[in-house]
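Be aware that the sequence shown starts at 1, since it is given in the UniProt record's numbering, and climbs by one per residue. Beta carbons are placed, not taken as given, at the ideal position from N, Cα and C, and that holds for glycine. Computed from a predicted model, the values in this text were never measured in an experiment. The structure under discussion appears below in the form of C-alpha cells.
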Amino acid sequence: MLVDGCQYFASFLAASDLASFDCHHGLHSRVENLVGRHRKSCGYFLAPQANAFAKALKKLPILHDELYAQQTKLYDFLDFPENTLVLPLSKQNKRIVYTILEYSPLLDSCNMSTDDWAKIGMDIKKNYEQYDGFVVLHGTDTMAYTASALSFMCENLGKTIVLTGSQVPIYEMRNDGRDNLLGALLIAGQFVIPEVCLYFHHKLYRGNRVTKVDAGSFNAFSSPNLPPLANAEVDITINWETVWRANTTKKFHLHTDMNRNVGLLRIFPGITAATVKAFLQPPMEGIVLETYGTGNAPDCRIDLLQELKAATDRGVAIINCTQCLRGSVSESYATGKALTVVGVIPGCDLTPEAALAKLSYVLGKTHLTLEQKKQMLFENLRGEMTVSATGAKISLRDSKFIQVVAKSVGVSCKEELEAVRDALTPALACAAAKTGDVNALEAIRDMGANLSSEDYDGRTPLHVASCEGHYQVVQYLLNNGATVYAKDRYGNTPLMNAVKFRQIEVIKLLRQTGAHLSWEELEHSGTELCSLAASGDVEGLTAWMMAGVDMDQAGYDGQTPHQVAEAVGNEEVLEFFHQKRGQVFLNGSSNDKDVFLSNGSVPAF
1 MLVDGCQYFA SFLAASDLAS FDCHHGLHSR VENLVGRHRK SCGYFLAPQA
51 NAFAKALKKL PILHDELYAQ QTKLYDFLDF PENTLVLPLS KQNKRIVYTI
101 LEYSPLLDSC NMSTDDWAKI GMDIKKNYEQ YDGFVVLHGT DTMAYTASAL
151 SFMCENLGKT IVLTGSQVPI YEMRNDGRDN LLGALLIAGQ FVIPEVCLYF
201 HHKLYRGNRV TKVDAGSFNA FSSPNLPPLA NAEVDITINW ETVWRANTTK
251 KFHLHTDMNR NVGLLRIFPG ITAATVKAFL QPPMEGIVLE TYGTGNAPDC
301 RIDLLQELKA ATDRGVAIIN CTQCLRGSVS ESYATGKALT VVGVIPGCDL
351 TPEAALAKLS YVLGKTHLTL EQKKQMLFEN LRGEMTVSAT GAKISLRDSK
401 FIQVVAKSVG VSCKEELEAV RDALTPALAC AAAKTGDVNA LEAIRDMGAN
451 LSSEDYDGRT PLHVASCEGH YQVVQYLLNN GATVYAKDRY GNTPLMNAVK
501 FRQIEVIKLL RQTGAHLSWE ELEHSGTELC SLAASGDVEG LTAWMMAGVD
551 MDQAGYDGQT PHQVAEAVGN EEVLEFFHQK RGQVFLNGSS NDKDVFLSNG
601 SVPAF
C-alpha cells in the first residue's frame with residue numbers, strides 16, 4: 001500500500017534483559033542487552049527496567065516520527081497495537097512501522113535457556129503473517145548462541161529475523177544502541193533476507209556464523225569464516241550472493257524440541273581420560289569437541305580415543321570443531337584422522353555456538369534414527385558451515401552475452417562485469433519468467449545472478465511468473481530461493497498477482513509455500529469481494545478464497561459478499577457460497593454448524 005508516497009512496513013520488538021526493541025510487520029526482538037538498561041539510583045550497576053524502552057524511543061526523532069504519526073492519525077486509522085512507533089522516511093522512500101513487545105520479567109542474557117529460545121520463536125510464529133520482519137533485542141553475552149539456535153529452530157524461513165543489542169545502554173549520551181537498533185530496523189523492514197541474522201556495528205552477519213570477540217569494543221562480533229551479508233555505510237549494500245535461501249516450497253515451521261543433553265568439551269594438554277569419561281556419561285547425548293588447529297587431538301592417547309569410541313558406539317554424537325577463531329577442521333594430519341576413525345563427526349568451520357545449537361536441534365528430532373541424525377550433522381542445514389561446491393558454475397567470462405555487452409561499454413575487470421550482470425539480470429530474468437523459459441532462468445542463475453532481483457518497479461521474476469500462470473517457472477523459482485514475500489512498488493506480492501489474474505494452481509503452490517496476503521492487500525478486500533459477487537465473477541471469488549481471505553469480510557457499506565449475491569439474485573454465486581459453506585461444515589467443527597443454524601451467520605472460509 002502507498003501512503004503519502006511511502007510504502008508501509010512494520011516491525012516488531014520484544015524485551016528481555018533491557019527494555020529492548022522488537023518490531024511488528026517485519027521484526028521481532030527480545031530485549032535483553034544493555035540497549036535498554038537503566039542505572040540503579042542506589043549504585044552504579046546496570047539492570048533491566050520494565051516499560052522504559054518505548055518511552056525512551058519516542059523521545060528520539062531518528063527512531064520515531066511523532067509529527068507524522070499525529071498528522072496521519074496512524075494509530076486510529078490502522079489500529080496498530082500499543083507501543084507502536086514509526087521511523088522517518090528512509091532513503092528508499094519507505095516508512096517502517098514497528099511495535100515494541102516487552103517480555104516480563106526482563107532477563108539478563110546470561111540467564112537465557114532453551115525455554116527462552118522457544119519463547120522468542122513462538123512469538124515470531126504467532127506474528128509471522130502479520131509482520132514483514134522481526135528484530136530481536138538481546139544481550140551481547142549470549143547473542144551468538146541465541147542467533148544460532150533460532151537459525152535452526154526456524155525451518156523454511158522466508159522472512160528476515162535480525163538480532164541486535166549494544167555494548168552501552170541506549171540511554172547513555174554516547175552509545176552504540178541507537179545505531180544498532182536503527183540499522184536492524186532498516187534492514188528487516190526494507191529487505192527480504194530469509195535468514196536469522198545478527199546486526200552489530202554497521203554489519204549484518206549470518207546468525208550461526210558469529211561469535212563475540214571483544215567485551216569492550218563496539219565492534220564486538222566477528223564472522224571469521226564468512227563475509228558479512230550486508231554493510232551499512234553511506235548506503236546499505238546487501239551481498240545477495242552470500243544470502244542463504246531455503247530453496248523449498250514448504251511453509252515456515254518452528255521446531256522447539258531442543259535437546260538439552262549437549263555440551264562443550266575443550267581439549268587441552270594433559271586432559272585425563274577420567275575427565276573425558278565423566279563428561280560423556282549419560283544423560284549426555286551429544287558434545288562439541290573443541291580441538292587444536294585443523295581438528296587435531298593427541299593420537300598417542302589411546303585412553304582418550306577409547307573413551308570417545310565408547311561414547312560414539314553407544315549413540316553419543318560428537319562434533320569436532322577447531323579452537324581457532326578462523327579456519328576449518330580437516331584430516332590433513334594423523335592426529336585429526338584418528339578422531340574420524342573413532343566416530344567423531346568433522347565440523348568443518350562451525351563455530352562452537354553453532355555446533356552446540358545444531359546438536360541440540362538435530363538430537364531433538366526424536367522421530368529420526370541415530371544414523372539419520374548423524375547424516376543431518378554432516379549436512380549444511382542453514383549455511384552454518386562451508387562445504388565443497390559440487391559442479392562448476394558458468395563464470396561471467398564464459399557468458400558470451402555478458403562479454404559482448406561488457407565490450408560495448410568498455411569494461412573488463414571482474415567488478416565491472418558483475419555490475420553489468422546485476423544491471424541486466426532483473427530485465428532478463430523477468431523476460432524469461434514471462435515467456436516461461438526455465439532454461440534461460442537456469443543459465444542466468446548459473447552466472448551467479450540473484451533470481452529474486454527486482455526491476456525498476458520492484459517486481460521479481462516470481463511476480464511475473466505468478467501473473468502469467470507459469471506453474472513450472474514458479475516452482476523452479478521457489479526451489480531456487482525466490483521469496484514469496486517480496487513486494488513491488490505498489491505493495492503487491494506474487495500471491496496478489498496470481499489472485500488478480502485468476503491463476504488458481506499458482507495460488508495453491510504459493511500458499512503451500514507459506515505465502516499470504518499482506519494487511520495492505522487485505523485492507524479493501526471486502527469491497528473487492530462484494531464487487532465480484534455483484535458481477536457474478538465466481539472465478540475471481542475462488543481465487544480470493546484460495547488465497548486464504550475471509551469470504552465474510554464486509555464491504556464499505558457493511559454488506560458481505562453473500563448478502564450482495566442474494567440482493568442481486570445471482571444463482572451461480574449463491575451456489576458458490578452454498579458449496580463452500582458445506583465444505584466448512586464438513587471440515588470444521590459441529591459447533592460452527594450449530595452457530596449457523598441458530599443465527600444464520602457463516603463461519604469464515
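- Of the residues assessed, Ala230 falls on the buried side of the cut-off, its CB having 16 or more other CB atoms within 10 angstroms.
- DSSP places Tyr361 within a helical segment (H, G or I) once states are collapsed to three.
- Counting of Cβ neighbours within 10 angstroms places Met385 among the buried residues, the total reaching 16 or more.
- Fewer than three pairs of CB atoms, one per stretch, sit closer than 8 Å, so the segment 79-93 makes no contact with the segment 118-129.
- Straight through space, the alpha carbons of Ala433 and Pro105 are spaced by roughly 50 Å.
- Within the same chain, Cβ atoms closer than 6 Å to the Cβ of Asn570 are found at Gly536, the five residues on either side in sequence being excluded.
- Between Glu129 and His516, the C-beta gap is smaller than 8 Å, which places the two residues in contact.
- With three or more CB-CB distances shorter than 8 Å, the segment 335-352 counts as touching the segment 287-303.
- Per DSSP, the continuous alpha helix (DSSP H) segment holding Glu520 begins and ends at 519-522.
- Ranked by Cα distance from Leu204, the first of His470, Gly189, Pro228, Gly458 is Pro228.
- In this structure, the alpha-carbon of Met376 lies about 15 Å from that of Ala246.
- In the DSSP annotation of this structure, the continuous segment of the beta strand (DSSP E) that includes Val196 starts and ends at 196-200.
- The criterion of a C-beta distance shorter than 8 Å is satisfied by Val162 and Cys197.
- Per DSSP, the continuous alpha helix (DSSP H) segment holding Lys373 begins and ends at 370-378.
- Cβ neighbours of Val86 within its own chain (closer than 8 Å, five residues either side excluded): His64, Asp65, Tyr68, Ala69, Leu74, Arg95, Ile96, Val97, Tyr98.
- Secondary structure note for Val473: its alpha helix (DSSP H) is the uninterrupted segment 471-479.
- In the structure shown, the three-state DSSP call for Val86 is strand.
- Under the DSSP assignment, Tyr98 falls in the beta strand (DSSP E) whose first and last residues are 94-100.
- In this structure, the straight-line span from the alpha carbon of Lys159 to that of Glu331 is close to 37 Å.
- In the DSSP assignment, Ile287 falls within the unbroken beta strand (DSSP E) covering 286-291.
- In the three-state reduction of the DSSP assignment, Lys59 falls in the coil class.
- Looking at the DSSP output, Thr164 shares a beta bridge with Leu137.
- Under a 10 Å Cβ-count criterion, Cys154 is classified as buried, with 16 or more other Cβ atoms of the shown protein chains found around its own Cβ.
- Relative to Asp437, the option among Glu454, Gly458, Glu468, Arg459 whose CA is nearest is Glu468.
- Here Cys110 is exposed. Its C-beta has fewer than 16 other C-beta atoms within 10 Å.
- Beyond the five residues adjoining it in sequence on each side, Asp141 comes within less than 6 Å, by CB distance, of Ser109, Cys110 in the same chain, given in chain order.
- Under the three-state reduction of DSSP output, Asn239 falls in the coil class, being neither helix nor strand.
- The beta carbon of Gln559 is closer than 8 Å to those of Cys530, Ala567 in its chain, skipping five residues each way along the sequence.
- With a beta-carbon spacing of about 5 Å, Glu353 and Ser148 fall inside the 8 Å limit used to define contacts.
- Residues of the same chain with a CB within less than 6 Å of the CB of Ser328, apart from the 5 flanking positions on each side, are Cys348, Asp349 in chain order.
- Contact between Leu462 and Pro426 does not hold, since their C-beta atoms are separated by about 12 Å, which reaches or exceeds 8 Å.
- Taking 4 residues as the shortest admissible run, the UniProt repeat "ANK" (490-522) contains the following complete alpha helix (DSSP H) segments, listed from N- to C-terminal end: 494-500, 504-512, 519-522.
- Counting C-beta pairs with one atom in each stretch, the segment 534-552 and the segment 499-510 have three or more that are closer than 8 Å, which means they touch.
- Where Ala232 is concerned, there is no enclosing alpha helix (DSSP H), although the beta strand (DSSP E) around it starts and stops at 230-232.
- DSSP places Tyr68 in the helix class (H, G or I) of the three-state scheme.
- Boundaries of the alpha helix (DSSP H) harbouring Tyr145: 143-153, taken from the DSSP string.
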